[in-house]
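> Structure below; questions to follow.
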Amino acid sequence: MNAPPAFESFLLFEGEKKITINKDTKVPNACLFTINKEDHTLGNIIKSQLLKDPQVLFAGYKVPHPLEHKIIIRVQTTPDYSPQEAFTNAITDLISELSLLEERFRVSSFLSTAGSSCFEPKGGIVYPRGGAVLWQ
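Quick note, the working numbering runs 55 ahead of the 1-based positions in the sequence shown.
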């Protein structure tokens, strides 16, 4: 079989960088971010987060080849905002959102293991007995 060994899809080789940044010379104020050992999962979520930023003019990603385990994210921003700053802000926002999701998941898991009698659903919002809002 011609497929590379499975470990090559997630282990960085010695001296290999996780992220490399190259200036895109085709359009103004744009960069290419190459992220090694990642796939569509991370590419799509970063692209979506970048597009939420009003100062990002373009954000897209591609996987060069199915057997190459890397993604290339292209970001173009307004002249007063650097693509590196947009990328950093998107990553920071994603970390915050995922931390909140993890916290809510842990609370939900705790409630489900503690028994179904410890919370009361009211109009789609879960209230523990006592009335504190867990999420909306």
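Glycine included, C-beta positions come from ideal geometry on N, C-alpha and C.
Does DSSP put residue 87 in a helix, in a strand, or in coil?
If DSSP states are grouped into helix, strand and coil, residue 87 belongs with the strands.
> I need the DSSP call for residue 110, collapsed to helix, strand or coil.
Here residue 110 sits in coil by DSSP.
> When we look at the beta-carbon of residue 150 and count the other beta-carbons within 10 Å, is it buried (16 or more) or exposed?
The residue is exposed, with fewer than 16 neighbouring Cβ atoms inside 10 Å.
> Should residue 99 and residue 86 be called a contact, given that it needs their Cβ atoms to be closer than 9 Å?
Contact flag unset, no.
> Check whether the Cβ of residue 151 lies closer than 9 Å to any Cβ atom in chain C.
In summary, chain C is missing from the structure at hand, where a single protein chain is found.
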